[in-house]
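First up is the structure itself, then whatever we jot down about it.
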Amino acid sequence: MRMTAACLAVAVLFACGGPPPPLVEERYAGTWSGRSMITPGDTGIPWNMVLSVADSELAGTLTFTGTSLVPVGVRTLSAAESTLIQEVGPYYSPTAKAEVMTQATARLTSDSTMDGSFVMRRTAGGDSIMGTYRARRLRQ
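Following the working numbering, the numbering of the sequence shown begins with 1276 at its first residue and continues without gaps.
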């Protein structure tokens, strides 16, 4: 009986073209450690981001390391093989010293590294702050 069920499962997978391909969002899932910089000589603000896929959506939280700030929600706007666009916040920014929303665009440069740029906008209005960031995956 077991053999019949196993053969039937293999036949169904073969007839349907096999298991579905992994979601592109899964390329970005994991724990990332990064730094955001405003100027080229800036040492940056350190952070950790945990991303996971649920119901085909990539989302997670960002935590500024070494601070008592609460974790910030991260929502994916678009994910492709090598590009990720996310929205972060609203949250209190230690750099802007105000509540902000941030849109970040990353390029996956290897399975464990991403480089990106961001635009941080104060929720109350005012000038935007632009910068870059680099992150490495700590674990998947």
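Even for Gly, the Cβ is constructed at its ideal location relative to N, Cα and C. All values derive from a computational prediction rather than experimental measurement.
Inside the stretch 1327-1397, DSSP marks whole beta strand (DSSP E) runs of 3 or more residues at positions 1332-1339, 1347-1354, 1358-1368, 1373-1385, 1388-1397, from first to last along the chain.
According to DSSP, residue pairing for Y1303 in a beta bridge does not occur. Sixteen is the threshold: since fewer than 16 other Cβ atoms of the shown chains lie within 10 Å of the Cβ of M1405, the residue is exposed. Cβ contact annotation for T1306 (same chain, cutoff 6 angstroms, sequence separation greater than five): V1325, L1413, R1414, in chain order. Annotation: the continuous beta strand (DSSP E) that includes G1406 extends over 1403-1414. The Cβ neighbour count for T1377, taken over all protein chains shown within 10 Å, is at least 16; the residue is labelled buried. Taking C-beta separations shorter than 6 angstroms and ignoring five residues to either side along the sequence, the partners of S1403 in its chain run V1394, R1396, following chain order. The beta carbons of S1392 and T1384 sit no closer together than 8 angstroms. Straight-line measurement puts the Cα of A1373 at about 14 angstroms from the Cα of V1345.
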